[in-house]
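For the protein sequence lines, the chains are A and B, in the order given.
Position one of the first sequence corresponds to residue 2 (the working numbering), numbered consecutively onward.
Position one of the second sequence corresponds to residue 2 (the working numbering), numbered consecutively onward.
Beta carbons are placed, not taken as given, at the ideal position from N, Cα and C, and that holds for glycine.
Number of protein chains: 2
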Amino acid sequence: MTYTAPVKDMLFVINELAGFDEVAALPGFEDAGAETTQAVLEEAARFNGKVLAPLNFEGDKHANAWRDGQVTTTPGFKEAFRQFAEGGWQGLMHPVEFGGQGLPKLVATPCMEMRNAANLSFALCPLLTDGAIEALLTAGSDELKQRYVPKLISGEWTGTMNLTEPQAGSDLSLVRTRAELQADGTYKVFGTKIFITWGEHDMAENIVHLVLARTPNAPEGVKGISLFVVPKFMVGDDGSLGTRNDVYCVSIEHKLGIKASPTAVLQYGDHGGATGYLVGEENHGLQYMFIMMNASRFAVGIQGVGVADRAYQKAAAYAKERVQSCPVDGSTKQSVTIIHHPDVRRMLASMRALTEGARALAYVAAAHCDIAHRHADAATRAGHQAIYEYLVPVVKGWSTELSIDVASLGVQVHGGMGFIEETGAAQYYRDARILTIYEGTTAIQANDLVGRKTARDGGATARVILAQVDETIVALERHAAYAADPAFKSMHRHLSAGRDALAHGVDFVVANTKSDPNAVFVGSVPYLKLAGIVLSGWQMARALLVATDKQSDDPSFYGAKRATAHFFSDHILPQAPALEASIVSGKSGEGGLALKEEQF
Amino acid sequence: MTYTAPVKDMLFVINELAGFDEVAALPGFEDAGAETTQAVLEEAARFNGKVLAPLNFEGDKHANAWRDGQVTTTPGFKEAFRQFAEGGWQGLMHPVEFGGQGLPKLVATPCMEMRNAANLSFALCPLLTDGAIEALLTAGSDELKQRYVPKLISGEWTGTMNLTEPQAGSDLSLVRTRAELQADGTYKVFGTKIFITWGEHDMAENIVHLVLARTPNAPEGVKGISLFVVPKFMVGDDGSLGTRNDVYCVSIEHKLGIKASPTAVLQYGDHGGATGYLVGEENHGLQYMFIMMNASRFAVGIQGVGVADRAYQKAAAYAKERVQSCPVDGSTKQSVTIIHHPDVRRMLASMRALTEGARALAYVAAAHCDIAHRHADAATRAGHQAIYEYLVPVVKGWSTELSIDVASLGVQVHGGMGFIEETGAAQYYRDARILTIYEGTTAIQANDLVGRKTARDGGATARVILAQVDETIVALERHAAYAADPAFKSMHRHLSAGRDALAHGVDFVVANTKSDPNAVFVGSVPYLKLAGIVLSGWQMARALLVATDKQSDDPSFYGAKRATAHFFSDHILPQAPALEASIVSGKSGEGGLALKEEQF
């Protein structure tokens with residue numbers, strides 16, 4: 002049940018693919034040199050491997066318990082959270098002025114991956130706190146920032162995001178929670194919020210709820226939603242905790258996975274109204290949510306990478322231990338460890354290739370985010386921001402979709418033992434299943450990718466990225482290895498075909514989103530998956546180039562990278578043309594769209 | 002939580018695709034006319050929908066309990082089993098002379114699908130009993146047959162298959178359970194068997210264990226395994242139950258899914274030896290297992306079809322109820338039921354197309370089995386037997402792999418509610434996960450397909466099937482609709498490409514299995530999936546032809562079939578070339594095979 006953070010691969014991606022040097026040279030990152038980064042990653046690997054990882058299975062077995070509105074977390078979680086807070090991990094990428102460490106997202110991201118790989122349920126708590134911090138920094142008054150952000154960063158308090166209501170899941174226009182202005186400028190909040198991750202627990206002194214609600218005369222729909230801070234305990238001017246606020250956890254959900262993460266139903270205002278404070282301007286709540294949503298969605302994508310890697314590590318370890326059957330090539334008449342069987346090897350290589358590809362794409366996205374925030378030149382910032390925004394739904398949607406497949410392969414590698422809960426492989430299969438749903442389902446990511454990220458600029462950003470893919474294709478052709486190396490041949494062939502498939506997908510989206518939206522949106526998830534496969538494959542192609550050049554420096558590591566890139570091009574990139582076929586087939590208006598409701 | 006058996010689609014497949022008339026004309030099936038078949042299916046639909054389906058969620062919530070060697074099943078199961086037995090369902094396809102109804106497998110198969118869709122855990126008990134009946138009929142002495150088979154068929158007793166031991170999972174050569182001959186001709190059996198489905202329970206008076214064991218001087222490996230009958234209670238000459246035999250359930254497993262099906266650890270011989278009776282000849286146990294394995298593997302494939310259909314029905318019902326968001330085409334500013342959103346429609350159409358394709362292929366295989374058993378002409382029998390044997394690993398492997406994907410899509414359609422256990426969608430995702438593992442993992446099916454079913458006859462059987470696919474491709478071209486109908490165009494294009502991909506896969510397997518087994522076996526699962534996609538797609542093409550011709554008879558049903566076939570050709574068949582790329586890439590010996598053990 003151990004987890005060993007893949008620090009070497011993380012550093013490879015940071016340095017060779019994501020352009021660490023460019024990020025480290027940005028204004029404000031003067032202290033984030035290569036040595037600091039390596040030290041941070043190694044310490045994160047130690048903390049997550051030793052403290053959080055061993056609690057993961059425990060959390061599944063002894064999930065949190067609700068009683069009379071209180072949630073008791075899994076034994077060990079509270080102490081682990083104390084260590085997490087003391088280590089300063091919550092503040093890694095938050096501003097120094099509020100007590101954070103101000104490190105690049107490119108450095109915080111691998112730490113986030115490790116935390117999620119070690120313990121997905123635990124990691125959700127800091128993930129939500131990050132969201133609350135971002136919301137307050139984005140739109141909060143100076144007073145709100147001063148009062149709440151330092152305590153959130155120090156880990157004394159945690160944060161939550163309250164969007165969903167029973168009738169309002171993906172569709173926030175249906176939010177009914179109401180907030181009434183009081184004479185003192187505060188609000189009284191009334192309503193029910195569901196699916197509130199870490200909405201109640203015993204790991205921190207206070208919980209800061211960020212709540213979407215409507216003021217009495219607000220316009221209908223999403224333009225009438227405002228954002229409020231509602232603390233569990235009232236906070237005095239000196240930061241001391243006061244009386245209990247009128248927000249209570251009335252139940253927690255019985256879930257398929259992430260069982261150690263309490264998912265609360267929160268009741269606001271049953272005893273006179275919960276005191277809340279408006280964040281930013283009235284009726285701008287959804288806009289603030291969207292600003293921070295990129296960060297949360299990216300973070301959920303990283304959860305996918307993390308759980309995929311954990312599932313891979315567990316399966317690889319089992320495959321090296323379990324002895325069963327003689328090799329198919331007859332090389333010995335003895336039973337061997339199952340890692341010697343070709344199909345087990347194929348499964349492990351798939352798990353590994355998907356995980357490494359997703360990791361590389363996510364870290365590259367993080368670097369774009371850093372440059373978009375920090376670069377001195379506005380046009381450069383805008384260009385990187387556009388690419389980052391294109392990549393966010395891909396990282397979120399694709400990394401989480403593949404995490405389910407990878408976790409499922411992990412069960413399969415274990416054979417019958419995989420189905421037994423004590424083995425632990427099934428937990429990842431259950432845990433991963435939420436990732437394609439929360440923070441916007443894959444369809445919502447795909448609609449964002451189609452609408453706001455592709456059609457809106459006429460495919461301009463997508464084509465900028467495609468031009469970068471072309472550069473890699475040319476680099477493969479011009480490389481000395483191209484003539485004779487099967488990995489280069491395979492990668493060149495399948496990346497080129499994938500690039501064309503993605504380009505056709507972009508053209509289809511741009512040409513038809515306005516005139517025939519159903520035709521485009523029925524293929525939106527295939528389009529997202531296509532982008533995920535091709536752009537991850539592109540990173541694997543870049544990795545192949547670097548690994549080939551540096552192979553003699555570290556034959557085992559770079560040799561493995563070359564083999565994994567080759568596997569990606571042989572087995573995963575060829576899926577691209579099938580997805581293109583799905584996308585462009587929507588135009589006919591037949592198939593899935595032709596079935597009438599009553600025919601289902 | 003209801004289940005409505007798709008009797009209309011089942012009859013369509015039976016009559017139009019599987020060739021019911023030819024099966025009904027076989028010797029011995031004189032009583033199995035169209036009317037009887039329809040009546041049997043309708044009664045099965047009623048029984049499974051009303052009696053077994055409502056117990057499915059109950060079984061997950063209140064799984065069986067072990068105490069002091071006894072297993073108490075979910076409340077309601079015992080009474081449901083009594084009704085199942087009284088209805089004669091266990092004997093549907095077993096010989097009339099032992100109390101069965103002697104119906105074709107083609108008729109029994111839809112009933113089996115319904116049972117598994119209604120209640121996968123419950124249905125496993127009759128599935129294992131079928132296995133025990135087949136084993137006894139295949140290899141048992143007349144005395145053993147007379148003593149055990151009628152009681153198994155009547156449902157008074159149930160049967161189990163005891164293969165696995167802690168060190169012997171897929172690799173039966175490692176079996177250690179031993180059987181010692183006694184003076185009276187019986188054996189004393191000693192050992193531990195694990196993963197014994199329905200190995201202990203309270204639904205029937207007796208349990209008949211079929212056990213693989215070694216006699217003292219047996220040859221090593223699989224050639225030294227014999228098959229024994231070991232009853233839970235001794236059976237007198239008059240069929241009366243005697244003393245308790247020395248086989249005890251020492252624990253049951255805590256599993257990811259199928260929780261109402263007790264998975265037992267059975268301890269044989271701790272109190273002097275369990276009395277067993279040799280089935281057939283000594284050291285021929287594995288051979289008998291293989292004979293009945295085709296039946297069990299086919300049955301597990303049907304489990305995949307069943308759980309996929311159940312997940313589809315639940316998701317479709319939810320999508321028609323749940324209101325969320327306005328349509329993307331702006332056709333109304335009101336929130337609509339989510340079935341109106343293109344991606345929900347795509348997910349439902351995928352679930353439906355995969356399920357219908359898998360059902361059609363499985364029933365076609367069942368018809369081949371009937372003809373192989375009953376046809377008057379030996380050469381005809383042999384031809385159909387070869388096709389059936391080729392299709393069994395495909396039906397088992399492909400239907401179960403897709404059932405996981407379909408159940409996962411079912412969770413996704415439910416959004417956040419899908420992750421909450423009370424919703425019920427997650428149960429199918431958990432239950433389905435075992436299907437690609439037991440009765441031989443997908444890799445084992447794929448190795449069978451490659452080795453015994455493709456390479457051994459030099460691809461002859463595969464090419465017979467491909468020639469039949471060609472006939473369908475020609476029929477599409479020659480059809481009046483071909484010129485203008487986009488469904489025909491799409492199907493012709495993608496089925497032709499799929500057919501070529503499969504043909505290349507067969508060629509690769511035939512050319513390389515001996516000379517480079519690792520290259521072939523690393524692509525064996527992709528080859529199985531390719532066969533599954535292309536051969537299911539072929540059935541959908543045949544369905545498209547029939548539905549187009551008969552459309553005016555029943556516009557809604559045939560229109561839906563046309564749309565589903567079209568969806569299959571647009572979205573699923575295009576995956577074939579990617580699988581071909583995976584298969585043929587093995588030749589290079591790089592990629593997944595190139596990674597050394599320590600590099601994983």
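Query, Result
"Nearest to residue 34 of chain B by alpha carbon, out of B:3, B:447, B:108?", "B:108"
"What does residue 97 of chain A pair with, by DSSP beta-bridge criteria?", "None, per the DSSP bridge assignment."
"Return the first residue and the last residue of the beta strand (DSSP E) that residue 215 of chain B is part of.", "Element bounds for residue 215 of chain B: n/a, residue is neither H nor E."
"Of all the alpha helix (DSSP H) runs that stay within the bounds of the region 453–509 of chain B, which reach a length of 4 or more residues?", "461–479"
"What beta strand (DSSP E) runs, 3 residues minimum, are completely inside the region 239–273 of chain A?", "242–245, 248–253, 264–269"
"On a Cα-Cα basis, can you pick out the residue from A:484, A:410, A:437, A:82 that is closest to residue 258 of chain A?", "A:437"
"Which partner residues of residue 67 of chain B appear in the DSSP bridge assignment?", "B:72"
"If we cut at 8 angstroms on Cβ distances, does residue 155 of chain A have a partner in chain B?", "no"
"Using a beta-carbon distance below 8 angstroms, is residue 394 of chain A in contact with chain B?", "no"
"How big is the Cα-Cα spacing for residue 262 of chain A and residue 275 of chain A?", "24 angstroms"
"Which whole-angstrom value is the C-beta distance of residue 227 of chain A and residue 181 of chain A, which I expect to be below 8 angstroms?", "At roughly 12 angstroms, the Cβ-Cβ gap does not stay under 8 angstroms, so residue 227 of chain A and residue 181 of chain A are not in contact."
"Work out the CA separation of residue 122 of chain B and residue 221 of chain A for me, nearest whole Å.", "48 angstroms"
"Among B:127, B:249, B:401, which has the Cα closest to the Cα of residue 1 of chain B?", "Residue 1 of chain B is absent from the structure shown; chain B starts at 2 and stops at 601."
"With DSSP as the reference, label residue 162 of chain B as helix, strand or coil.", "strand"
"Suppose you measure from the CA of residue 84 of chain B to the CA of residue 60 of chain B; what does that come to, to the nearest Å?", "17 angstroms"
"Run through the DSSP bridge pairs and tell me what residue 232 of chain B is partnered with.", "B:209"
"Would you kindly report the start and end of the unbroken beta strand (DSSP E) that includes residue 182 of chain A?", "179–182"
"Give the residues of chain B in contact with residue 170 of chain A, contact being defined as C-beta atoms less than 7 angstroms apart.", "325, 416, 417"
"At a Cβ cut of 7 angstroms, what residues of the region 184–210 of chain A count as close to chain B, listed as they run along the chain?", "196"
"For the region 400–407 of chain A and the region 288–307 of chain A, state whether three or more C-beta atom pairs, one from each stretch, are separated by less than 8 angstroms.", "yes"
"What do you get for residue 431 of chain B, buried or exposed, if any count of 16 or more other CB atoms within 10 angstroms of its CB means buried?", "buried"
"Which residues in chain A have a C-beta closer than 8 angstroms to the C-beta of residue 321 of chain B? List them in chain order.", "598, 601"
"Could you please give the first and the last residue of the uninterrupted beta strand (DSSP E) stretch that includes residue 190 of chain A?", "188–198"
"Fully enclosed by the region 529–594 of chain B, which beta strand (DSSP E) runs are 3 residues long or longer?", "none"
"Determine the closest residue to residue 439 of chain A out of A:198, A:66, A:133, with distance taken between C-alpha atoms.", "A:198"
"Report yes if the CB atom of residue 54 of chain B is closer than 8 angstroms to the CB atom of residue 110 of chain B, and no otherwise.", "no"
"From the DSSP output, read off the bridge partner residues of residue 338 of chain A.", "A:324"
"Could you tell me which chain A residues have their CB closer than 7 angstroms to the CB of residue 376 of chain B, listed as they occur along the chain?", "Within chain A, no residue comes near residue 376 of chain B; the closest Cβ sits about 35 angstroms away, beyond 7 angstroms."
"With DSSP run on the structure shown, which of helix, strand or coil describes residue 5 of chain A?", "coil"
"Could you compute how far the alpha carbon of residue 613 of chain B sits from the alpha carbon of residue 155 of chain B?", "One cannot answer for residue 613 of chain B here, as it falls past the ends of chain B, which runs 2 to 601."
"Which same chain residues, not among the five before or five after residue 541 of chain A, have their C-beta less than 8 angstroms away from its C-beta?", "354, 357, 358, 361, 492, 565, 566, 569, 570"
"Using 8 angstroms as the limit for Cβ to Cβ distance, is residue 254 of chain A near chain B?", "yes"
"Determine the chain A residues that contact residue 412 of chain B at a beta-carbon separation under 7 angstroms, and present them in chain order.", "434"
"Between which residues of its own chain and residue 183 of chain B is the CB-CB distance below 7 angstroms, once the five residues before and five after are set aside?", "189"
"First and last residue of the beta strand (DSSP E) that includes residue 437 of chain A?", "From DSSP, residue 437 of chain A is part of no beta strand (DSSP E); its letter is neither H nor E."
"Could you check which residue in B:534, B:170, B:210 has the C-alpha nearest to that of residue 416 of chain A?", "B:170"
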